[in-house]
Structure formats: C-alpha cells, structure tokens
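Participant: Sharing a structure here in structure tokens format.
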C-alpha cells in the first residue's frame, strides 16, 4: 500500500529489502512535532500562530489525501504529534512545513482481548470503546483535534487531570543516589529525585478511557487561545463522528486564515529543503546514530523500489524507468524505459534475471547481463 502513496505531505517509502528485512523511508530533516511544541527554548514569538496554522494545514492536507484519493479511504489510526515531522520553522517557506509518517503501519487500535494502545490520549471515543463500536476514517479527525490542541497549548494531552494518575515511588540503590549518570538516566525515564526517593506517575488508563468515552472528558482549552483555533479543536473532537468536519473542509478553514497559500488544485510546485542521502544500518540500531553517506548523490525522479544485484543497485522510478547504478562508484550504468510512464512497483532478482512489476499491468523479465528483455512480458 505504501508504494501507492504519492503526496508531498507524507513521508515517502523509497524502497524495501527482504533479506534482511528493511524499509527505506525518506529522510526528513528537523524534529517531530511533539518535541517542537514542548521545547521551552522555542519562544511563542518564534512558534507564532501563522506558523502553527501552516503546520496544521500541512497535516490536514496529508490526511485529506489519505481520506479522499482512495476507495475505501485510508485510515491512519495513529495520527499524533510524534508522527508528524516539522521540516521547516519558516512560515513563509514556499514548500512543506510538516510531513506525516507511520501511515499504514499501525495495528488495529483495539481488541477486546488486549489493552488499548499506549497512545490512548489521541484516540477517538469510538476507538477506545469496549462496546466493539465500528469506526472509520473519521476517528483520524478526532486525533487531529488533539494534535491541534497540542499546537495551541504546547502541552501533553490530559496531563492536567491529576486524578487520572497513580504516583509511584522507588528508593535508589545503595551508593547510587549521588551517581550523576544514574540520576540522569532515571530522569530521562520520567523519574524525579528529591534527595531521598524517586517519584514518577503512571496513567490509570482504564479510568481515563472511561472518562473519555462515557463523560466526554477532553483537555481544557486556555482562554487566550484564538477563537478560530479553539472552534476547530472542538469541532474535531465531537463525540459523534458524523458531527466532525472533514479534512478537505479543515483545509479550506486554514486556507482562509492563510490567503497567501495556494490551493492544491492550482498545481503550484512544492519545494522541500535539500538534505544528504541518509540511511540507518543494523549497527545504527544499537548505537542510536544515523549514517550519512560521505558522497551523497541525486537522481532525477521519484524512486519507488530498489533491488541489489551483484555489484549493482537496480532502482525503479515513478515514471516507469529502471536505472542501474554501480554500488562502489554510485555512477549510473544504464537506463531502461521499462513500463512506459507507469510506476515501477517492485523489483525482484531471480538468478541472472530481474523481474519488474509496473502500473501498466505487466511483469517484465530482464537479463542482468545484457540489460535487455529476457523474454516476453507477462500480462496481469
């Protein structure tokens, strides 16, 4: 499914490798929205309302694409601030300020035999309900309302309700109460140390979910929040899914506040900041570091799939072409017009041949030795 998604407001999947299993995603410079809104070093003057509206518009446009361009609509099911990545903090930037990630990867959000997801703070009442209520893409709109609330208040959802929290205490191990490294590690995990005991809290999830589903509990909106923003927040987190707005209508609301931003149907070119090609290896999984290629190189077009064959990388493109690169030099060896302006969806090597599948409903078999069609194409 991810290979079919083509929107500037979504983090793109560039390729997949089966052995070992890896997914190559677009690298997005910047930080996720949850870190931005709660970073006290960023003043409200810097994170002003024009920028907040532009970020909200970009998220709404990405979600509008998922909800309107597919039948049935694609439901994100895990829309929240940590899954939204801020590309630029410049409100007058001509391109995208925020991109959505982790679409299509979320599991079913509720099962009677399991606990609700840890991210219950963003979930709609019908998703959290124990009554097995069916839900659809409109649950994403409720989640968007919580994200709007985060943008407006720069706080964590429901954090104000102390009766939903359970305090826990732990004594430090003997001799470690003065260990700076140990104290810092505990602090990162949410513990506060008063010199004698560590204290932290955990959510009473069952009570919180009951309050949300049965008593319509919502985060409180500060009085100094602009009226247009608070109105949009309240409209999104209506208990009845049918009472919530659609993402296209939300886009129109933000465009009224940002008249200088062109509408989507004007086909204005959208720019994104350039960055080096970046990848994460299995070693980076343990070190926590990403690896940046020393000699980044650019290709023309959108890469949709890749496959390694001997000392070469075969890359399929959205325009139907296949380009083959030398792994050591990164130079392009040759190019094939494989699927005639239809997206190349997949590449798979078998012996001395490579199979390609395209949007023209054809499967083609190519020789890796002579870069020509090995035999006739297979119609699907």
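Numbering (our numbering), first residue to last: 40 to 419. Built from N, CA and C at the ideal position, the CB exists for glycine as well.
Beta-carbon separation of residue 283 and residue 275 under 9 Å?
Facilitator: Yes, they are a contact pair.
Participant: Excluding the 5 residues flanking residue 163 on each side, which residues of the same chain have their C-beta closer than 6 Å to its C-beta?
Facilitator: So the qualifying residues of the chain are 178, 181.
Participant: So for residue 288, helix, strand or coil by DSSP?
Facilitator: Three-state DSSP puts residue 288 in a helix.
Participant: Any idea if residue 45 is buried or exposed, counting beta-carbon neighbours within 10 angstroms, 16 or more meaning buried?
Facilitator: That one is exposed.
Participant: Distance, Cα to Cα, residue 255 vs residue 278?
Facilitator: Distance between the alpha carbons of residue 255 and residue 278: 7 Å.
Participant: Taking only three categories from DSSP, how would you classify residue 365?
Facilitator: Strand at residue 365.
Participant: Can at least three beta-carbon pairs, one atom from the stretch 344-360 and one from the stretch 372-379, be found at a separation below 8 Å?
Facilitator: Segments in contact, yes.
Participant: Go ahead and pull the three-state DSSP assignment for residue 195.
Facilitator: Residue state, collapsed to three classes: coil.
Participant: What does a CB cutoff of less than 6 Å around residue 168 pick up in its chain, not counting 5 residues either side in sequence?
Facilitator: Contacts found: 252.
Participant: So what does DSSP say about residue 384, is it helix, strand or coil?
Facilitator: Looking at residue 384 - three-state DSSP - the assignment turns out to be strand.
Participant: Less than 9 Å separating the beta-carbons of residue 121 and residue 73?
Facilitator: In contact: residue 121 and residue 73 (Cβ atoms closer than 9 Å).
Participant: Under a three-way DSSP split, which group does residue 297 fall into?
Facilitator: Note: residue 297 maps to coil in three-state DSSP.
Participant: Whole angstroms is fine: what's the gap from residue 106's alpha carbon to residue 52's?
Facilitator: Residue 106 and residue 52: Cα-Cα distance of roughly 19 Å.
Participant: Can you tell me where the beta strand (DSSP E) with residue 357 in it begins and where it stops?
Facilitator: Premise fails: residue 357 is in no beta strand (DSSP E) and is neither H nor E.
Participant: Can you tell me the Cα-Cα spacing of residue 159 and residue 85, whole angstroms?
Facilitator: Whole-angstrom Cα-Cα distance: 30 Å.
Participant: List the DSSP bridge partners of residue 344.
Facilitator: DSSP, once it has assigned bridges, lists 355 as partnering residue 344.
Participant: Residue 300 to residue 407, Cα distance in whole Å?
Facilitator: Taking the straight line joining both Cα atoms gives about 47 Å.
Participant: Please report the straight-line C-alpha distance between residue 344 and residue 385, rounded to a whole angstrom.
Facilitator: The straight-line gap from Cα to Cα measures roughly 6 Å.
Participant: Output yes or no for whether 9 Å exceeds the beta carbon distance between residue 346 and residue 380.
Facilitator: Cβ atoms of residue 346 and residue 380: not closer than 9 Å.
Participant: Quick one: using the 10 Å Cβ neighbour count with 16 as the cut-off for buried, is residue 293 buried or exposed?
Facilitator: Classification for residue 293: buried.
Participant: May I ask which residues mark the beginning and end of the beta strand (DSSP E) holding residue 206?
Facilitator: Run containing residue 206: 204-209, per the beta strand (DSSP E) assignment.
Participant: Could you pull the start and end residues of the beta strand (DSSP E) that residue 52 belongs to?
Facilitator: 52-56 is the span of the beta strand (DSSP E), which, as asked, contains residue 52.
Participant: With residue 71 and residue 124 assumed to form a contact (beta carbons below 8 Å), what rounded beta-carbon distance in angstroms separates them?
Facilitator: That belief holds up - the Cβ atoms of residue 71 and residue 124 are roughly 5 Å apart, short of 8 Å.
Participant: Taking the beta strand (DSSP E) that residue 273 belongs to, which residues open and close that run?
Facilitator: That residue, residue 273, is in no beta strand (DSSP E); its alpha helix (DSSP H) goes 266-275.
Participant: Between the Cα of residue 392 and those of 351, 399, 382, spot the shortest distance and give me the residue it belongs to.
Facilitator: Nearest of 351, 399, 382 to residue 392, Cα basis: 351.
Participant: Determine the DSSP secondary structure at residue 82, reduced to helix, strand or coil.
Facilitator: Coil.
Participant: Along the chain, where does the alpha helix (DSSP H) that runs through residue 88 open and close?
Facilitator: First-last of the alpha helix (DSSP H) with residue 88: 88-107.
Participant: So if DSSP puts residue 371 in a beta bridge, which residue, or which two residues, is it bridged to?
Facilitator: DSSP output for residue 371 lists 364 as bridge partner(s).
Participant: Taking just the CA atoms, how far does residue 297 sit from residue 271?
Facilitator: For residue 271 and residue 297, the distance between alpha carbons rounds to 15 Å.
Participant: Which first and last residues belong to the beta strand (DSSP E) in which residue 139 is found?
Facilitator: Run containing residue 139: 137-139, per the beta strand (DSSP E) assignment.
Participant: Please name the residue or residues paired with residue 71 in a DSSP beta bridge.
Facilitator: Residue 71 pairs with 124.
Participant: Would you please state the rounded distance, in angstroms, between the beta carbons of residue 205 and residue 196? I believe it to be under 8 Å.
Facilitator: Contact doesn't hold; Cβ gap of about 18 Å is too wide.
Participant: Residue 99 to residue 112, Cα distance in whole Å?
Facilitator: Roughly 15 Å separates the two Cα atoms.
Participant: Below 8 Å on the Cβ atoms is my guess for residue 117 versus residue 141; work out the distance and round it to an integer in Å.
Facilitator: Indeed they touch by this definition, with Cβ atoms about 6 Å apart.
Participant: Which residues does DSSP pair with residue 231 in a beta bridge?
Facilitator: Note: residue 231 sits in a beta bridge opposite 238.
Participant: Give a yes or no on whether the C-beta atoms belonging to residue 187 and residue 286 are separated by under 9 Å.
Facilitator: No, the Cβ-Cβ distance between residue 187 and residue 286 is not below 9 Å.
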